[in-house]
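So the structure is just underneath, and the comments pick up after that.
There are 2 protein chains.
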Amino acid sequence: MTKGIRIALAQLNVIVGDLAGNEQKIRESIQQAKQFQADLVAFPELAITGYPPEDLLLRPQFIRNNLDCLERIIPTTENITAIIGFAHSEQGRLFNAAAIVANGRLVDVYHKIHLPNYGVFDEKRYFEPGERPLILEWNDIKIGISICEDIWIQDSVIETQALSTGAEIILNISSSPYHSGKVEERENLLKNLAVNNRVPVCYVNLIGGQDELVFDGNSLILDEQGTILARGKQFEEDLILFDLDVTDLQNIRGRDESYQRRRLAFNPPFKIELIDLPDQPHVPFDRKAKLPFSENLKLDPIMEIYQALVLGTRDYVRKNGFKKVVLGLSGGIDSALTAAIAVDALGNENVIGVSMPSIFSSRGSLDDAAQLASNLGIQNLVIPIQVTFEAYQKMLQPTFGDLPFDTTEENIQARIRGNIIMALSNKFGWLALSTGNKSEISVGYCTLYGDMAGGFAVIKDVPKTLVYQLAKKLNETRGREIIPHNTMIKPPSAELKPDQKDEDSLPPYDVLDPILAEYVEKDATIEQIVALGFDEAIVRKVIRLVDQSEYKRRQGAPGVKITPRAFGKDRRMPITNRYRF
Amino acid sequence: MTKGIRIALAQLNVIVGDLAGNEQKIRESIQQAKQFQADLVAFPELAITGYPPEDLLLRPQFIRNNLDCLERIIPTTENITAIIGFAHSEQGRLFNAAAIVANGRLVDVYHKIHLPNYGVFDEKRYFEPGERPLILEWNDIKIGISICEDIWIQDSVIETQALSTGAEIILNISSSPYHSGKVEERENLLKNLAVNNRVPVCYVNLIGGQDELVFDGNSLILDEQGTILARGKQFEEDLILFDLDVTDLQNIRGRDESYQRRRLAFNPPFKIELIDLPDQPHVPFDRKAKLPFSENLKLDPIMEIYQALVLGTRDYVRKNGFKKVVLGLSGGIDSALTAAIAVDALGNENVIGVSMPSIFSSRGSLDDAAQLASNLGIQNLVIPIQVTFEAYQKMLQPTFGDLPFDTTEENIQARIRGNIIMALSNKFGWLALSTGNKSEISVGYCTLYGDMAGGFAVIKDVPKTLVYQLAKKLNETRGREIIPHNTMIKPPSAELKPDQKDEDSLPPYDVLDPILAEYVEKDATIEQIVALGFDEAIVRKVIRLVDQSEYKRRQGAPGVKITPRAFGKDRRMPITNRYRF
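In order, the protein sequence lines correspond to chains A and B. Under the working numbering, read the first sequence as residues 42 to 622, first letter to last. Under the working numbering, read the second sequence as residues 42 to 622, first letter to last.
Below is the structure:
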């Protein structure tokens, strides 16, 4: 007889704080899973509250409301088992928890054991760690339940479940944020877990944007060889359905000497608790309707980043109640890419460009912006700033006297543009997008309240060289020119003074970007970076610029994290800081 | 024979990351303590790195450099014992540590046991908790060493030291940030510790501003009755010297039945480690030079807040390398108070005011600003914005058509002023101060990139009603008009449209402020606030405004925390947040 379970992974886009909406989504997924005759449906970590709820978790009222949602969901689970992420309060202590609900009844609650408190995570601010790994004995199948970080810590929860208790399925519910490379990192982790512990792994992840984070979905089911059996969509909601057959697992393990050796050698750090769920309603696979074919498709690595930016932007705009966005179109590559992302996120009818030429703007820039708008099919307003710039100069003349034109005047122009964007935002209710890239934000080559003005900074975590790669790949993928050719090939310029080029002030981007990646993302020292072949004077200058620009970044808009370390919650440097690397 | 120790508490203003400067200060204090024949000198928590060093702690190079500083300090401790806060790295784990250095030798290292990870604190992001409370046996005196949070957790480190091991002195090194009421909170805590454990307590705290935090000093020495024997200055560096006589302590304890009962009943959660330091060079009190008289003076509660703002501002400006500041003077109370604070922080020659009248500015406002500048003896530039405002209106006319004047035009004026301030900042290298108070920042009654523009927001954590109290107290204390009388009595107005008053848009501040304090600082629910006697519709409106303004605050400048919960690291609310209280 077949020993197996039909599993449904509900890869949902929930919204932080939208308890009623999230409850509704969860209930709908439960109904859908039932329609597909699934035996068990699993939801992401903290699915009821959204992730990360941050200091909402400090509000007792919020915790109560989240518990009420769970109470209302429980009765909807007749004939199915559901694993639902929520915030569990018990005797004044709060836990990041998974409700184990079966057949209309709350059977038990698992408390996340490993709480991440690094990078963007602050879970020890809110939660107490659990101490009790669980195995769910669903009919005759042992399922080890865990939450996110629990699978990232070696020789702990998962090994205790799979080795010392012989769990036959590992089910992990996650809200694991995206960055470039994370998909492979997770796949490798899950493959190793599956192979080392000879156990199939079901991994359900959140999707959606939440402030600076984007969750990519990419839920996975792997067999005990580490082979990927099913994959959730990337950056889209999905219900992944799979018939997981574990009939032969015990035989496979019995024959596997390395598994047996590991099993005997493993010293479990926890006592495990078994939760018995016998006699669950269950129709064998061969009498169930066939499942729809599930594709195992992965995006190209560059387009994956692009889709992360699209989803992060769409969700920030929509979840905050905006419909349309406005952004400045300079004719340069940053604003062009940002506009393209916005159009894919929101539709061309919801994106308004503004060109704001000064006397330092080339004719070409205006043309490039117009070409972009035409390629994207978006409206492009043209608002020249020269008269207003002259008004500023006249207004400040009694104070400035005949001091020479310097960055002050450059910044005034950028800030006039910032004011125009914000005026359009205020007048028409459009969310302003800013267009700065990670390279310039790193070294402070940007104007606070000028080009930095805006509610969301779409590409703030995208280094300039990657901006070019994204633009190129986008044009290729679409098979036509989205980003104008001239925008791609001309040398980058802020056009705030005559004949200005970025490279007058900064090293070339193909030198700057690797230095920044080493310093910002990898904490490399000057010596380590120089050892990679970079000029020491340039390295020192770049690092000095990064350190000195912390105050600007602190006042920047949020934007999508796509690298292993973004500015923001991920990198908490003091502004007042005399340390020199 | 007398049993006692001459203690020196070095209440220093160190700078985050300024390892060389901090090392120098510590060495100077050791020399000074020696000149006063002190037996032991104690420094604040993380004195070598400054507090909080945040993600600098993730850099191995920074940790190494901090260890090098300690290495260089150790040989300077001949004939004295020193307790020095530093970051200790041991087998890949990092600890918030106290070096116990005696007579030119590192004797031991204590690792902080309780790591705060709430409010403004993120210590679990960086440190592992210690597990080993220490008692230093200095000659025949048992001294229990601890770090900051260790004293805030009941029935833990201190009780283990004083009850189960009979420590005769509790020495705690802290970097405890200020907020209004904290001084009393700490005093009560220390008194209770002293009385309950019949033990004298020496408490040394940091002083100085660091980004949003200000440390108030206020180091204390209490006897075993809880009587304050010595107090460090508030908001100033100090070396507190005291001859602590514990000759009679064992007798007192022997006669104290409640101490004996507690001692017998107490079940210590830790095993304690004794560090033996016999034969330390020591001159008895009666053969030493008399110590200078140490005053036990405490500021008035309102002036204490004022001094916190002054120190926070001075240190932000100076530690970031600025000499002069610039701020807009509207004639209103917020900018007047901010200017007064800046003058006390930096001197009148370093504060430049700018009045930027529009057609909506009353003649009175310009006069009030001029009067303030005259009272403070500061320069006041007058830069009218009307012509520039008209240039904006003309520039935007083709886009705006005949849409009516609304908040867009109000914001444009505020942003022109922001641009002027920033232009002055850029041209002359002055740091721009913004002048918004906590009430308006709470409800979003402020313009992003307009009045919010600036490098430091001096009174961002000061509610409007407290702004008035501070202004009034300042005038009283100085015995003359600093804040002009007319500024104090006129109704608050943004003067961005005809006859505008704050109270047209907001509840009166004496209603608004208590609602905000309940909601923001105490996490009260709507029901709880209404139960205090406030109108439900108003409470709901205020809370909605607070929730909707998160995005503005996220882009605001840092400013001094003076309430139990400031916006910023202290209150981490998501921007994207559908939860409605």
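Just so it is clear, CB atoms sit at the ideal spot from N, CA and C, and this is done for glycine as well.
Residue i burial status per 10 Å Cβ neighbour count (16 or more: buried)
| i | result |
| --- | --- |
| Q596 of chain B | buried |
| K390 of chain A | Checking the sequence shown, residue 390 of chain A turns out to be Glu, not Lys. Exposed: under 16 other Cβ atoms inside 10 Å. |
| S546 of chain A | exposed |
| T528 of chain B | buried |
| G574 of chain B | exposed |
| D611 of chain A | buried |
| I421 of chain A | Per the sequence presented here, residue 421 of chain A reads as Asn, with Ile not at that position. Classification of N421 of chain A: buried, given that the 10 Å Cβ count is 16 or more. |
| E517 of chain A | exposed |
| G442 of chain A | exposed |
| G418 of chain B | exposed |
| Q348 of chain B | buried |
Among the options, nearest to residue i - alpha-carbon criterion
| i | options | result |
| --- | --- | --- |
| N120 of chain B | B:R146, B:E112, B:L111, B:L97 | B:R146 |
| Y300 of chain B | B:L53, B:E450, B:V240 | B:V240 |
| Q52 of chain B | B:K223, B:L280, B:E190 | B:L280 |
| V561 of chain B | B:A578, B:G609, B:E544, B:P525 | B:G609 |
| E431 of chain A | A:P322, A:K513, A:F446, A:G418 | A:F446 |
| L156 of chain A | A:E253, A:L135, A:P549, A:Q420 | A:L135 |
| A330 of chain A | A:Q78, A:I67, A:L60 | A:Q78 |
| I382 of chain B | B:Y167, B:L515, B:G133 | B:L515 |
| M463 of chain A | A:G369, A:F276, A:D409, A:R519 | A:G369 |
| L177 of chain A | A:Q132, A:F162, A:I124 | A:I124 |
| I616 of chain B | A:W471, A:G459, A:V358, A:P533 | A:V358 |
| R521 of chain B | B:T429, B:S415, B:L474 | B:S415 |
| L285 of chain A | A:I210, A:K312, A:D551 | A:I210 |
| F311 of chain A | A:V503, A:G62, A:D59, A:I154 | A:I154 |
| G62 of chain A | A:K582, A:T506, A:R113, A:K513 | A:R113 |
| A138 of chain A | A:N144, A:T206, A:I182, A:D191 | A:D191 |
| S215 of chain B | B:K364, B:D341, B:V55 | B:V55 |
Bridge-paired residues (DSSP) for residue i
| i | result |
| --- | --- |
| A498 of chain A | A:S475 |
| I48 of chain B | B:L81, B:F283 |
| P425 of chain B | Beta-bridge pairing links P425 of chain B to no other residue. |
| W179 of chain B | B:I182, B:L318 |
| S299 of chain A | Answer is none; S299 of chain A lacks a bridge partner. |
| H129 of chain B | B:F136 |
| D149 of chain A | A:I141 |
| A123 of chain A | A:V82, A:V142 |
| S215 of chain B | B:N246 |
| Q420 of chain B | B:I393 |
| I188 of chain B | B:I214 |
### Query
Fully enclosed by the segment 354 to 415 of chain A, which beta strand (DSSP E) runs are 3 residues long or longer?
366 to 369, 392 to 396
### Task
Scan the segment 230 to 264 of chain B for residues whose Cβ lies nearer than 7 Å to a Cβ of chain A and list them as they occur along the chain.
Q251, D252
### Task
Identify each residue in the segment 576 to 600 of chain B for which the Cβ-Cβ distance to at least one residue of chain A is less than 8 Å, and report them in chain order.
Y592, R595, Q596, G597, A598, P599
### Query
Going along the segment 353 to 366 of chain B in order, which residues come within less than 8 Å of chain A, judged by CB to CB distance?
D356, Y357, K360, N361
### Query
Counting only runs that start and end within the segment 221 to 280 of chain B, where is the alpha helix (DSSP H) found for 4 or more residues in a row?
223 to 238
### Task
May I ask you to list, following chain order, the residues of the segment 158 to 171 of chain B that have a beta carbon less than 8 Å from some beta carbon of chain A?
N158, Y159, D163, K165, R166
### Whole alpha helix (DSSP H) elements within the segment 576 to 622 of chain B, 4-residue minimum
577 to 589, 591 to 595
### Query
Using Cβ-Cβ distances below 8 Å, what residues of the segment 488 to 502 of chain B are close to chain A?
L489, Y490, A494, G496
### Message
If the cut-off is 8 Å on Cβ atoms, which residues from the segment 455 to 476 of chain B count as contacting chain A, listed in chain order?
### Response
R456, I457, G459, N460, I461, M463, A464, L465, N467, K468
### Query
Mind listing which residues of the segment 57 to 86 of chain A have their C-beta closer than 8 Å to chain B's C-betas, in chain order?
V57, G58, D59, L60, G62
#### Entry: chain B contacts made by the segment 414 to 428 of chain A, where a contact means CB separation under 8 Å
L422, I424, P425, I426, V428
### Message
Runs of 3 residues minimum, wholly inside the segment 443 to 494 of chain B: which ones carry the beta strand (DSSP E) assignment?
### Response
472 to 475
### Task
Run through the segment 504 to 574 of chain A for me and flag every whole beta strand (DSSP E) of 3 or more residues, listed as ranges in chain order.
none
### Task
Return the residues of the segment 89 to 117 of chain B that lie within a Cβ-Cβ distance of less than 9 Å from chain A, sorted by chain order.
T90, G91, P93, P94, E95, D96, L97, L99, R100, P101, Q102, F103, N106
### Query
Going along the segment 600 to 617 of chain A in order, which residues come within less than 7 Å of chain B, judged by CB to CB distance?
R612, R613, M614, P615, I616, T617
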